Each structure stands twice: as C-alpha cells, then as structure tokens.
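In the UniProt record's numbering, the protein residues as written are 1 to 344.
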C-alpha cells in the first residue's frame with residue numbers, strides 16, 4: 001500500500017468509526033484500494049478551473065496516486081457558458097470543476113454538480129463544507145501591497161482609512177472599480193465588515209477617489225507599478241509576495257483589520273467521465289499535500305487547518321470571506337463606483 005493509500009485508508013476508517021475494530025479494517029482497506037485501482041484504470045481526471053499555477057499539484061497527484069490531472073484553465077467570463085454548453089449537449093469533459101463560489105452555485109442549480117463528502121475534510125470550517133456538492137477550500141484574499149524599498153512599515157498606510165490620505169494622491173494602483181467584479185465585491189465587503197457606518201465608508205471611497213488611483217483591468221497587473229516604483233501602493237492580493245519573490249513587497253493593513261476576499265470552491269460533476277478518478281482527485285486536492293503546495297508555492301490562503309502561505313504575519317491575520325453579490329448588485333455598485341471614481 002502506498003503512503004497515499006495508507007493516509008486515505010486511515011481517514012476513511014476514522015470517518016466510519018472502525019479504527020479500533022480489526023474486523024472492519026480489511027473492508028475499509030479493500031474499499032479504498034478498489035477506488036484507487038478503478039481510478040488508475042480510468043487514468044485521468046479532467047479539471048476545469050480558473051485558478052492559476054496549479055501544475056505542481058497535478059504533478060504531485062500523478063506521483064502519489066497514479067492518476068493524471070488534466071488541467072484546463074477557463075477564464076471567469078467563459079466559465080459558465082463553456083460548461084453549460086458542454087453539459088447540455090451531453091459532452092461535458094470535466095470531472096472536477098473549480099471556480100468562485102457563486103459560479104458553482106449556479107452550476108449546481110443546473111444539475112451539473114454531484115454531492116461528495118471527502119474523507120479529508122476534518123478541521124475545515126463548518127461553513128466551508130456545509131454543502132456536500134460544493135466545498136470551499138480557500139479565500140481569494142485582497143488587501144494592499146507596498147514596496148519596502150520605498151516605504152517602511154511605519155510609513156505605509158496602517159488602516160484602510162489611510163488610503164484616503166491626500167499624501168497618497170497619484171501613488172495608488174487598483175483594478176477598475178466600475179467593472180472588475182472582485183474589486184466591486186471587496187469594496188462592498190469593506191462597507192459590511194470593516195466600516196462602522198455607511199457614512200464612514202462613503203467618506204473613505206470619496207477620499208480614495210480623490211487620490212486619483214491608476215486603474216488596471218484586474219489584480220494581475222497591479223504589482224508591476226509597485227515593483228518599478230511608479231506607484232507606492234497597490235490594492236492587490238498578498239499572494240503576489242510569493243509569486244513575485246524576490247520583489248520587495250509587503251502587505252497591509254496589519255493593524256487588526258480583516259483581509260477580505262471571495263471564497264474559492266471545488267466540486268465533482270454529476271456526469272463525470274472518470275468518476276472514481278474524480279473522487280481521488282478531490283481527496284488529493286483537499287488534503288494537506290496539495291493545500292501546502294497552494295499556500296507555499298502560489299501564496300494562496302487555504303482553509304485546510306494549520307496551513308498558511310509563507311508571508312510574514314499571515315499566520316495571525318484575520319481573513320474573512322465576503323458575501324457574494326448578485327449580478328444586479330454588481331451592475332448597480334459598478335455604476336455607483338463609476339460615478340464616485342469618475343471612471344471614463
């Protein structure tokens with residue numbers, strides 16, 4: 001039995017309450033061995049996702065289980081249309097799908113997803129595993145970054161409110177708040193989770209807008225102006241401290257305010273072409289080995305217990321999932337932010 005088989009067997013045995021019963025051990029072992037044999041016979045699990053830099057997990061999956069992960073990245077704007085078109089035609093290739101939570105909830109409503117309770121979920125937050133068809137494994141966390149060659153920790157903004165200080169005029173870069181869904185959701189999340197009153201929040205937005213941030217299309221381009229020194233602060237994602245290393249980047253606020261972000265989720269498809277391989281893929285993805293890769297190599301904030309990205313003080317940071325905005329809310333707030341920030 002491989003190390004992966006032993007780990008999975010013990011988790012299954014514990015979940016079934018038979019770890020102390022000798023008579024139950026052969027049954028659990030046979031069940032898990034049969035699952036792996038079937039998965040290996042199927043050969044692969046096809047993975048549709050919009051998360052990036054997961055090739056190391058695909059390699060580790062193959063080495064640990066003998067199952068190949070066939071990763072296809074699909075942009076958020078094409079994710080739902082692609083999957084529903086294939087599904088409705090009876091030609092969905094994906095065994096496992098990963099996307100922000102609202103997208104998977106929509107796919108569940110359309111019958112695309114299947115329930116599956118992985119045996120490796122012990123220690124995950126209850127809210128993350130309450131839906132057996134959709135498991136939340138991480139948070140796409142957002143805060144702000146600065147270049148430590150240009151700003152010391154004492155000079156950097158200590159609180160979100162400080163981003164509205166006029167001294168940061170023309171020194172901030174951020175995704176366009178009129179049309180970037182994650183930024184719209186983050187700004188609304190600040191209203192609901194950080195600021196005590198809507199008036200305080202609006203004053204913050206007006207002050208931030210008065211500082212005339214440079215707008216880019218998404219979070220991806222935000223670190224570059226900070227690395228070059230063109231700007232001093234980026235409303236961005238702390239994971240870039242890992243992926244852009246050794247760039248001299250640090251994150252804030254470290255004054256106790258929470259970091260907010262959208263939940264990342266994963267699910268099996270209801271008509272998976274490789275159903276046993278899909279289950280093995282899911283168990284591996286949610287386990288500590290894969291979550292350590294996501295945290296350590298990609299800088300992701302994951303929900304597996306005891307695992308944090310190798311970013312200073314991130315192990316004590318308060319990271320919270322924000323509420324999912326409806327399409328109507330995204331449109332409405334995008335229009336409001338377009339006015340506040342005078343987006344042309």
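Every residue gets a Cβ at the ideal spot worked out from N, C-alpha and C, and that includes glycine. Just so we're clear, the structure is a prediction, and the values are computed from it rather than from any experiment.
Rounded to whole angstroms, what's the CA-CA distance from residue i to residue j? Just pull it up for me.
i: residue 251; j: residue 202; result: 24 Å
i: residue 105; j: residue 84; result: 13 Å
i: residue 136; j: residue 102; result: 11 Å
i: residue 163; j: residue 51; result: 29 Å
i: residue 343; j: residue 143; result: 22 Å
i: residue 108; j: residue 78; result: 17 Å
i: residue 110; j: residue 76; result: 18 Å
i: residue 71; j: residue 294; result: 15 Å
i: residue 23; j: residue 280; result: Interpretation of residue 23 is limited by its pLDDT of 42, a score under 50 that renders its predicted location unreliable; no figure is taken from the coordinates.
i: residue 302; j: residue 263; result: 10 Å
i: residue 245; j: residue 226; result: 13 Å
i: residue 33; j: residue 199; result: 60 Å
i: residue 327; j: residue 166; result: 33 Å
i: residue 298; j: residue 47; result: 18 Å
i: residue 171; j: residue 232; result: 5 Å
i: residue 230; j: residue 239; result: 21 Å
i: residue 154; j: residue 258; result: 19 Å
Taking 8 Å as the limit between beta carbons, can you name the residues of its chain near residue i, skipping five residues before and five after?
i: residue 112; result: 83, 84, 87, 92, 97, 269 and 270
i: residue 66; result: 36, 39 and 40
i: residue 123; result: 304, 305 and 306
Give me, in chain order, the residues of the same chain whose beta-carbon lies closer than 6 Å to that of residue i; leave out the 5 immediate sequence neighbours on both sides.
i: residue 21; result: Summary for residue 21: the model assigns pLDDT 36, below 50, so the residue's position carries little reliability, and this model does not support an answer.
i: residue 290; result: 57 and 284
What residue range does the beta strand (DSSP E) around residue i cover?
i: residue 174; result: 172-175
i: residue 239; result: Where residue 239 is concerned, there is no enclosing beta strand (DSSP E), given that its DSSP letter is neither H nor E.
i: residue 329; result: Element bounds for residue 329: not the beta strand (DSSP E) but the alpha helix (DSSP H), 327-340.
i: residue 214; result: 214-216
i: residue 143; result: 135-147
i: residue 52; result: Neither: residue 52 is in no beta strand (DSSP E) and is coded neither H nor E.
Between which two residues does the alpha helix (DSSP H) holding residue i run?
i: residue 189; result: 181-193
i: residue 205; result: 198-210
i: residue 45; result: Not the alpha helix (DSSP H): residue 45 falls in the beta strand (DSSP E), residues 44-49.
i: residue 227; result: 223-228
i: residue 85; result: 76-88
What does a CB cutoff of less than 7 Å around residue i pick up in its chain, not counting 5 residues either side in sequence?
i: residue 350; result: Since the first residue shown for the chain is 1 and the last is 344, residue 350 is missing from the structure and cannot be characterised.
i: residue 117; result: 132
If contacts are defined as beta-carbon pairs under 8 Å, then residue i and residue j qualify, I think. What distance do you get, rounded to the angstrom?
i: residue 99; j: residue 265; result: 7 Å
i: residue 260; j: residue 186; result: 6 Å
i: residue 160; j: residue 237; result: Actually they do not touch by this definition, with Cβ atoms about 15 Å apart.
i: residue 215; j: residue 157; result: About 19 Å; that fails the 8 Å criterion.
* Asked: Enumerated in chain order, which unbroken segments of the alpha helix (DSSP H) with a length of 4 residues or greater are wholly contained in the segment 259-307?
  -> DSSP runs (the alpha helix (DSSP H)) wholly in the segment 259-307: 275-286 and 288-298.
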